[in-house]
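In this text, residue positions in the sequence shown follow the numbering used here: the first is 413, and each later residue adds one.
Even for Gly, the Cβ is constructed at its ideal location relative to N, Cα and C.
Treat the numbers as computed from the prediction; the structure is a model and nothing was measured.
Take a look at the structure set out below.
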Amino acid sequence: MTKQYRIPGRGRVNTARRVTFTFDGREFQGYEGDTLASALLANGQHLMGRSFKYHRPRGVVSAGSDEPNALVAVGSGPALQTPNLRATQVEIHDGLVAISQNRFPCLKFDLGAVNTLAAPLLPAGFYYKTFMWPRSFWDKVYEPIIRASAGLGVAPTAPDPDQYAFRYEHCDVLVVGAGPAGLAAALAAGRAGARVIVADETAEAGGWLLSDTTSRIDGKTGAAWAREVVDELNAMPNVRLLTRCTAFNYGPHNMVALNERLTDHLAHPTVGQPKERLWQVRAKEVVLAAGALERPLVFDGNDRPGVMLATAARTYLNRYGVACGRRAIVVTADDAAYRVALDLKDAGVTVAAIADLRPAPDGALVAAAIRAGITVLPNTTIQRAHGLNRVCSVELAQLLPDGSVGKGHQWRADLVLMSGGFTPSVHMFSQSRGKLVFDEELGVYVPGQSAERERSAGACRGVYRLDRVLEDGARAGAEAAAATGFDGSAPQWQTGDLDEPGRGGFAGALPRRGKGLRAMAFVDYQNDVTAKDVKLAVREGFRSIEHIKRYTTTGMATDQGKSSNVNALGIASEALGRPVEKVGLTTFRPPFTPVTFGAFAGHAREFLFDPVRRTAADGWARDRGAVFEDVGLWQRARYFPINGEDMETAVRRECLATRSAVGIFDASTLGKIEVVGPDAATFMNRMYVNGWTKLAVGRCRYGLLCRENGFVYDDGVVGRVAADRFHVTTTTGGAAGVLNMMEDYLQTEWPDLDVWLTSTSEEWSVIAVQGPLARKVLAPLVDGLDISAEALPHMSMAEGSICGVPMRLFRVSFTGELGFEVNVPSRHGRRIWDAIWAAGEPHGMTPYGTETMHVLRAEKGYIVVGQETDGTATPDDVGCGWAVSKVKKDFVGKRSLALPALKAPDRLQLVGLLTLDPSEVLEEGTQLVARPDEAVPMHKLGHVTSSYFSATLGHSIALAMVAGGRARMGETLYVPVEGRSIPVKVTNPVFYDVEGARLNV
């Protein structure tokens, strides 16, 4: 490993432990504790990536999570390579494989760099004005090129083999950030006895104190003080300190999401150890101590490798022992950069000059720099940085009294450090819906009124000096603990002579000489947005900063505008001629930094991602070769082919067998809700359109449920088990929604009702025995229960037992035949299914699936919610107006059903359709029109909702929703299909056994 950029005696890395890794196939060495960025810089590798649009050479700008340039892919193979990781956050380990992105054929020579030559043709919003001609080029030329160029990295193509964990946690105080303010807050709250969680995104708590060699706290260095505080916190049983853990989302009611990276830094993690853990923390109080971000300066060539933030260079020097260059130029509008220059000079780096934008910089740090022999150039700006894959020189120029820029002078440098001041990190505060206010003195937005039980502390609210940061953090921690019932005092510390960071600052594009038509001064590094792009957006009429953001894409990259937002505001402010605070601020959205999909998915992958629910008889159906379909979360047998039958043949056989003898059907997936309590009947009366007060115990009724808008939401048979108990069935897919709706009304509208709701969908296995011989099959199996037509008529129920197993037996039918639904506890479902099957075989029993069920119900004109209904159908529209009570005072949807629009005669109404060709089966979803010769666009009268071939009737049948359908009986309508129109006759939707005689045998 080359030592040309390593500074002996500097840094916190473990120089006794060397680490070997590769970058773009080249082997490098670093030390334990290095990040990928620090290790590459130590080896003289400043070029780490290419920009998104122009493919310009890019190196690191920062040393933390705000890094916009050095995005790399880590890992190898189609499953293990993770794209778009920040080199500043990737911790190296033996065997690490990192690859640069967005280049071809290689990083040093990228053919995509030709885009720079076309930059005048690719300004902001160019995609709104181009690719429009010739029209035929879009599909074959433009779109393929755009899609191939889009994206920064390559997404994995194989399943992720890693494990991810998930955890809920509660605490009294959550502290976000473990810099000086965060540690002080955690210590105050922890000493008070509060349960504290501290989350920090870096590998070591301490924040900027780990890069500061001059500050003293109680006579100790900042890093030593941080270590003592961390040790004390770790010794407290009521405190949990999480490093490598990013708070990325601040939700309502102090629910904060954390992403903890557990194994990314390990060469050989333990088998089965989760890679990441997603925390959902509900905190009584939150202390935000997220710090502040240094702003870059906007000038021509500010994206060249070797141009970086001043404090980033200090971090690399003092935390990692790396000098980022040999000869530095510092350009600043803030005092903090002077401390960086002094540290660099002390480490042996030549500081050629400090160019200060301010006309008369003063203060202790300025004086110290002059005493150290560093040339300080007040009232000086930078015009441009020269170089290709590494900066080699800069042009500095004097700012003249009239505001113009004087003649430039070249300065040789391989490192350009810039500091435009500091921007408080208000992302999490903004996510919490807190109100930001503009601080005129600092020139930045800071937290104002909180929307949650939250308090910000330290630099994230514009407090920069160390003694004030510690005081602010300790006070916030003590107040947070007190708010949760724990008394404690804020700790106090003595500090020595202190720097004054935050004095000064600049936002916007630096002044330049001339028009700069060819200048490329970048505001948003990641999206290649320049100062000219922001000005162009204003010239094109955009006034809102949110519109400017979207037109230019500034602040829309993966760094969420951490380094670009304030400068974009400054440029827009100048272009609009309005103060920055009048321009506004863009919205900060979660996540704070990108989070892997694996962390969000957690255990919800493969079969757990979309869990499959199986009934007790599932194995039986699979053993007999059933073909299954997904219905909600359930898998249901669709049909049972014999000897290679296709679906059409199998379904016809199953229909005929059920109509002529007996069929068995697994109806266990139906939703089931137990409504119990003294007010159960009152609750049912209010929820459903039907009346329930007079329903006798042991009787059933078809229940229809509407939403407030009067449209059908769900349906099902309801049995009254006892005076205070109803067995409610719902559609398979609607079970959860119906229960949620019931709970919503019970808890918010009718909390006075004495009712309990319990989902029993999986408690009962339901075996439907349907057909003329159904009673003969069941009668020998039920234990002493009379199931004759007289004792158990249609739409009745009885409790008893079957084969010694408790049972609820319903005399109901969805086929139009004599039918029973046997409900038994699911643990006995398979045994009872086998018993019924054994009893039915001598009678020619046939298993049938959902496809046959649909044909049989369509023959009877029974609706399926979601097929005949579409969210805009009323009970009357689907032929169920008879179910709506005319005497009930109120029920959900009653007022809406009284609206004239919902009673209009030309509404879509359920009808039957017969094709003139009995063998022609209509396609579901096709439209209906009055005349086949009507000009396009034709006036549609309705659509086909269900369509099948009826083996029982010997011809096709269909159900449809047709405008004024009941008044069109006997009319001929037409179904336009490709090249022709199919004539159909409008009929009664009940095709089979119109009188219902077969139900009552």
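In this structure, the beta-carbon distance from Leu922 to Phe711 falls below 7 Å. Leaving aside the five residues that flank Asp1195 on each side, the residues in its chain whose CB is nearer than 8 Å to its CB run, in chain order, Gly1212, Ser1213, Ile1214, Cys1215, Gly1216. A direct Cα-Cα distance of roughly 15 Å separates Phe549 from Lys541. In this structure Glu1155 does not touch Leu1165 by the C-beta definition: roughly 12 Å separates them, more than the 8 Å allowed.
Taking the Cα of Val935 as reference, the smallest distance to any Cα among Arg925, Gly920, Lys927, Arg924 is reached at Gly920.
Between the alpha carbons of Leu1082 and Ala869 lies a gap of roughly 54 Å. Burial check for Ser985: the Cβ neighbour count within 10 Å reaches 16 or more, so the residue is buried. DSSP places Arg802 outside both helix and strand once states are collapsed to three, so it counts as coil.
One alpha carbon belongs to Leu1311, the other to Pro1317, and they sit about 13 Å apart. DSSP places Arg1064 outside any beta strand (DSSP E); the residue lies instead in the alpha helix (DSSP H), whose first and last residues are 1059 to 1072. Between the segment 784 to 802 and the segment 459 to 478 there are three or more C-beta pairs closer than 8 Å, enough to call the two in contact. Linking Leu811 to Pro649 through their CA atoms gives a straight-line distance of about 58 Å. The beta carbon of Thr494 sits closer than 6 Å to those of Val486, Gly487, all from its chain and outside the five residues before and after it, given in chain order.
Secondary structure at Glu672: strand, using DSSP grouped into helix, strand and coil. The straight-line gap separating the alpha-carbon atoms of Gly594 and Phe1123 is approximately 54 Å. Nearest Cα to Thr1027 within the set Glu1018, Asp1042, Ala1016, Ala1013: Asp1042. Contact between Gly1228 and Arg1410 holds: their C-beta atoms lie close to 6 Å from each other, under 8 Å. With a 10 Å radius around the Cβ and a threshold of 16 neighbouring Cβ atoms, Thr964 comes out buried. Buried is the label assigned to Met720, since at least 16 other Cβ atoms lie within 10 Å of its Cβ. Val1304 counts as buried, since at least 16 other C-beta atoms from the protein chains shown sit within 10 angstroms of its C-beta.
DSSP, reduced to helix, strand and coil, places Asp945 within a helical segment of the structure shown. The beta carbon of Asn1097 is closer than 7 Å to those of Gly1103, Trp1104, Thr1105, Lys1300, Phe1303 in its chain, skipping five residues each way along the sequence. Selection Pro556, Ala567, Gly442, Gly421 evaluated against Val484 yields Ala567 as nearest (Cα-Cα).
Approximately 34 Å separates the beta-carbon atoms of Leu854 and Gly760; this is outside 8 Å, ruling out the contact. In this structure Lys1272 is in contact with Val1402, their Cβ atoms being roughly 6 Å apart against a cut-off of 8 Å. Taking all protein chains shown into account, Ser956 has fewer than 16 neighbouring C-beta atoms within 10 Å of its C-beta and is therefore exposed. In the DSSP assignment, Val1236 forms a beta bridge with Ser1177. Annotation: Val1124 is outside any alpha helix (DSSP H); the continuous beta strand (DSSP E) that includes it extends over 1124 to 1134.
With distances taken between CA atoms, Phe433 lies nearest to Ala449 out of His839, Ala449, Gly423, Pro771. Check the Cα spacing between Tyr1404 and each of Ser1393, Gly423, His1367: the tightest is with His1367.
Of the residues Leu1340, Val1356, Ser1359, the one whose Cα lies closest to the Cα of Met1350 is Leu1340. By the Cβ criterion, the segment 1181 to 1192 is in contact with the segment 1243 to 1258, since at least three pairs of Cβ atoms, one from each stretch, lie closer than 8 Å.
A distance below 7 Å separates the beta carbons of Arg707 and Gly832.
Boundaries cannot be given for Met1257, as no beta strand (DSSP E) includes it and DSSP labels it neither H nor E. Counting of Cβ neighbours within 10 angstroms places Lys687 among the buried residues, the total reaching 16 or more. DSSP places Gly820 inside the beta strand (DSSP E), whose first and last residues are 817 to 824.
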